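Written out as structure tokens, the structure reads:
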């Protein structure tokens, strides 16, 4: 089965929220209900399209997954290329759901015109990131999403801090893709920024290592992997719940997504992988021993676990890393439903427990798969994870009133249900997370 | 047929004459001037399409100059005398980009530099690079020392542009758009000479000097944008950085010419939009007062495209430009340029963040003007959404460097 060729489902899916943002900007301040209706309508339409795509994905024949390829700038070899694989279809569904949850997380009067437009624009940017098959298009969506989320923060200092780290990642990503573009041009004779072409490039081992480290640096800044990243606390404090949901549940995918789509297929487990694994172990240990349970070390540590999985030598480990990407987004969204990051450790501790629980299955699989290749780093990472759990458990036990354990309003608890549901779904559909290139040999062996 | 490319230079002269008459200050006179500029732009497009003037490179740069001129003419509340000087300068600029003689180009640029309102103190800063360029020209005439001569010409002309831009942007005359258009028009002329030098003298072109000048300008611009408190300083820094980027693209050899032209056109768009959005703001902190959302959007578009931030105008040129630089073995310079553009983006975001600060109390409700909105829409369409035609035009123009 395939979609009718005349219906560009991916284009419609990606741009529907942007159209919704434009239309939502029209009603005045007194027509908040109309704006809310419009924005939720467009977000729901986007979710319906994403659901249709995800549900019908299994029925596609191999190699016939949806793809829209149009010439954008032929003279430069850049194209408007949107495509999605099994893993991408799940992430697309998650982002569409997340945007709807963000719009529903507050009442119509609390969510102004600015926030409504930014949520829908951010959804378009993240959906574009998930589906872009051309490097230039990927960067275009990346830049647009970065700008929207920066402006969403609304306070100058927070905007500057967030932009500093994220644009550092973006600048490195531009360099990475520009070098890949040059290599493609030299080796094929035609300019192209198509991401799918990158694995077929012939690259010397020393260049491989440098490129891998360059790609890893993108993740380290954007994901982030640095335990001392300062934007997380300030940004989550500046944003209300809808913004926090988009930032932590959606944008946190951007860095690792670049790693999965552009770096790993070309430079899987290059020499530089050891450096990245060491950084991950440090992040996990720091999150375990940090005096204050803040979101920044937790985010860096969990992103590190995901990256550790993605670097795994086995398909199961990579699949666990990919599942971890989604489960981390779910866990961070759970955190976002609680209070903003603050010096009071109980905020992160109460919802942090659920967040860590959501990540535990993937973490276990990741550590198990990595144990055979890098036991020392894996042991350190495991120790860090153990310390994080220990700290969270002790913090929860120290709470005097158990009622504060999950101090969420009824609306938030209702919003928590789809998150838990999606998490269960992610556990029940492991085949979606296995990389496409590792499925093929298995089939060949069976035949 | 090269002579045909000079044709559009006559209309700005006519417009300058109209502006210098009493009628120039009236509404009717301004409309006439804008019509003449637009006519010159149309004439250039017509020459391109019918292929009368074979020198597409000259026509491309001429169109860039005339585009800036038209934008300045239709922008509201510009200083008449500055506008008049800009028109005279634009004519000289078109001569500089259209002539096949290096000496004529250099002289036209030096004359343009002198034409801009200069104080005695600033004139000294202009004269030193002017003499360097003239000395370089004399050395180029003696073929045995053309290497040193070309270095002096490139460095001297860049110095003239820098001194003139700084002087004109920091002057106190009203109309930021006209001042910025003057700076850009001069940049187009200087770039044409640099590109021709690289094309005419591939063996002895002063690539080392161009590299040093480009990275120096980018570094000064990026650091200046990060630390600027006055809007004029901020704009000067961005103009300097853009000049450095255009110069930097010329290191890419034949492959770098088209991206260089795209970067130049994007520079014009971003700097003019910024000038339109920041007009009548004195300091960077004043930007928090901007109440009009279209004005803030234009400001964002201009500021972020000035640092080639994706997906804003000028970004797509990054790919062929990087490829050309890597092909010529300038990998480390490319990394340095990327780091400096990152700093420039941080500097630009300082201003953009102030414009969108949700806690600011907004007082200024001045609109950005139809001209700026029109240019913003056209630039977004031409550079970001459907840039295929622009890329082809830049490519054809780059192949036409004679």
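Residue numbers (our numbering), protein chains in the order written: chain C, 1 to 447; chain S, 1 to 402.
Beta carbons are placed, not taken as given, at the ideal position from N, Cα and C, and that holds for glycine.
On a predicted model such as this, the values are computed, not experimentally measured, just so you know.
By alpha-carbon positions, which one of the options ends up nearest to residue i?
{"i": "residue 68(C)", "options": "175(C), 11(C), 249(C), 413(C)", "result": "11(C)"}
{"i": "residue 44(S)", "options": "56(S), 167(S), 350(S), 33(S)", "result": "56(S)"}
{"i": "residue 161(C)", "options": "380(S), 59(S), 346(S)", "result": "346(S)"}
{"i": "residue 277(C)", "options": "240(C), 427(C), 429(C), 377(C)", "result": "377(C)"}
{"i": "residue 199(S)", "options": "250(S), 301(S), 126(S)", "result": "250(S)"}
{"i": "residue 282(S)", "options": "148(S), 63(S), 171(S)", "result": "171(S)"}
{"i": "residue 101(S)", "options": "196(S), 82(S), 12(S), 339(S)", "result": "196(S)"}
{"i": "residue 36(C)", "options": "46(C), 23(C), 47(C)", "result": "23(C)"}
{"i": "residue 275(S)", "options": "149(S), 49(S), 76(S), 13(S)", "result": "76(S)"}
{"i": "residue 218(C)", "options": "18(C), 247(C), 249(C), 175(C)", "result": "175(C)"}
{"i": "residue 262(S)", "options": "242(S), 134(S), 151(S)", "result": "242(S)"}
{"i": "residue 159(C)", "options": "250(C), 101(C), 236(C)", "result": "236(C)"}
{"i": "residue 285(S)", "options": "234(S), 374(S), 315(S)", "result": "234(S)"}
{"i": "residue 177(C)", "options": "262(C), 53(C), 75(C), 33(C)", "result": "262(C)"}
{"i": "residue 6(S)", "options": "69(S), 72(S), 91(S), 381(S)", "result": "91(S)"}
{"i": "residue 165(S)", "options": "116(S), 124(S), 82(S)", "result": "116(S)"}
{"i": "residue 45(C)", "options": "327(C), 17(C), 65(C)", "result": "17(C)"}
{"i": "residue 244(S)", "options": "254(S), 187(S), 350(S)", "result": "187(S)"}
Mind listing the chain S neighbours of residue i? Cutoff is C-beta to C-beta under 7 Å, in chain order.
{"i": "residue 76(C)", "result": "316, 319, 320, 391"}
{"i": "residue 12(C)", "result": "Residues of chain S passing the Cβ test: none, with the nearest at roughly 17 Å."}
{"i": "residue 449(C)", "result": "With chain C covering 1 to 447 only, the question about residue 449(C) has no answer from this structure."}
{"i": "residue 151(C)", "result": "356"}
Considering only residues of the same chain and omitting the five flanking positions on each side of residue i, which have a CB-CB separation below 7 Å?
{"i": "residue 88(C)", "result": "130, 131"}
{"i": "residue 326(S)", "result": "334"}
{"i": "residue 256(S)", "result": "249, 250, 321, 324, 325"}
{"i": "residue 265(C)", "result": "198, 199"}
{"i": "residue 8(S)", "result": "40, 43, 44, 62, 66, 94"}
{"i": "residue 457(S)", "result": "Beyond the ends of chain S as shown, which are 1 and 402, falls residue 457(S); an answer cannot be given."}
{"i": "residue 150(S)", "result": "136, 140, 197, 201, 204, 205, 206"}
{"i": "residue 432(C)", "result": "86, 87, 90"}
{"i": "residue 156(S)", "result": "129, 130, 132, 133, 136"}
Quick one: residues in its chain with C-beta nearer than 8 Å to the C-beta of residue i, no 5 flanking neighbours on either side, listed in chain order?
{"i": "residue 18(S)", "result": "24, 29, 32, 33, 36"}
{"i": "residue 247(S)", "result": "158, 191, 194, 210, 213, 214, 217"}
{"i": "residue 300(S)", "result": "352, 355, 356"}
Compute the minimum distance between the beta carbon of residue i and the heavy atoms of the ligand FAD, and state whether it is under 7 Å.
{"i": "residue 16(C)", "result": "What this structure holds is no ligand at all, so the ligand FAD is not there to describe."}
Give me whichever residues DSSP pairs with residue i in a beta bridge.
{"i": "residue 73(C)", "result": "78(C)"}
{"i": "residue 236(C)", "result": "Looking at the DSSP assignment, residue 236(C) forms no beta bridge with any residue, so it has no partner."}
{"i": "residue 83(C)", "result": "67(C)"}
{"i": "residue 230(S)", "result": "283(S)"}
{"i": "residue 134(C)", "result": "194(C)"}
For a contact meaning CB atoms closer than 8 Å, what does residue i contact in chain S?
{"i": "residue 167(C)", "result": "309, 342, 345, 346, 349"}
{"i": "residue 30(C)", "result": "Simply none; closest approach about 18 Å."}
Under 6 Å Cβ to Cβ from residue i, same chain only, skipping five residues before and after it: list those, please.
{"i": "residue 429(C)", "result": "none"}
{"i": "residue 270(S)", "result": "302, 305, 306"}
{"i": "residue 113(S)", "result": "126, 160, 164"}
{"i": "residue 264(S)", "result": "191, 246"}
{"i": "residue 448(C)", "result": "Nothing can be reported for residue 448(C), as the shown portion of chain C is limited to 1 through 447."}
Give me the chain C residues within the contact set of residue i, using Cβ-Cβ distance strictly less than 9 Å, ordered along the chain.
{"i": "residue 69(S)", "result": "Neighbours of residue 69(S) on chain C: none; closest Cβ ~27 Å, over 9 Å."}
{"i": "residue 327(S)", "result": "182, 185, 186"}
{"i": "residue 285(S)", "result": "Here the premise fails: no neighbours, minimum Cβ distance about 10 Å."}
{"i": "residue 338(S)", "result": "171, 172, 174, 175, 178"}
Give the residues of chain S in contact with residue i, contact being defined as C-beta atoms less than 9 Å apart.
{"i": "residue 155(C)", "result": "353, 357, 358, 359"}
{"i": "residue 19(C)", "result": "The contacting residues do not exist; residue 19(C) stays about 15 Å from chain S at best."}
{"i": "residue 143(C)", "result": "304, 309, 310, 311, 312, 315"}
{"i": "residue 136(C)", "result": "310, 311, 315, 316, 318, 319"}
{"i": "residue 139(C)", "result": "310, 311, 315, 318"}
{"i": "residue 191(C)", "result": "319, 320, 323"}
Taking Cβ-Cβ distances shorter than 8 Å, what residues in chain C pair up with residue i?
{"i": "residue 206(S)", "result": "By Cβ distance, chain C contributes nothing, its closest Cβ being about 25 Å from residue 206(S), past 8 Å."}
{"i": "residue 335(S)", "result": "175"}
{"i": "residue 395(S)", "result": "75"}
{"i": "residue 260(S)", "result": "Residues of chain C passing the Cβ test: none, with the nearest at roughly 14 Å."}
{"i": "residue 183(S)", "result": "Here the premise fails: no neighbours, minimum Cβ distance about 26 Å."}
Check the Cβ of residue i against every Cβ in chain C and list those closer than 7 Å, keeping chain order.
{"i": "residue 270(S)", "result": "The contacting residues do not exist; residue 270(S) stays about 15 Å from chain C at best."}
| request: Please list the segments of the beta strand (DSSP E) lying wholly inside the stretch 293 to 377 of chain S, counting only runs of 3 or more residues, in order along the chain. | output: For the stretch 293 to 377 of chain S, not a single whole beta strand (DSSP E) run of length 3 or above is found.
| query | What alpha helix (DSSP H) runs, 4 residues minimum, are completely inside the stretch 244 to 319 of chain C? | reply | As far as the stretch 244 to 319 of chain C is concerned, its whole alpha helix (DSSP H) runs of at least 4 residues are 252 to 258, 264 to 267, 273 to 289, 295 to 310.
| Could you give the uninterrupted runs of the alpha helix (DSSP H) lying entirely in the stretch 127 to 211 of chain S, keeping only those of 4 residues or more? | Here the runs fully enclosed are 146 to 169, 176 to 200.
| query | Counting only runs that start and end within the stretch 98 to 182 of chain C, where is the alpha helix (DSSP H) found for 4 or more residues in a row? | reply | Positions of the alpha helix (DSSP H) runs, each at least 4 residues long and wholly inside the stretch 98 to 182 of chain C, are given as 113 to 131, 135 to 153 in order along the chain.
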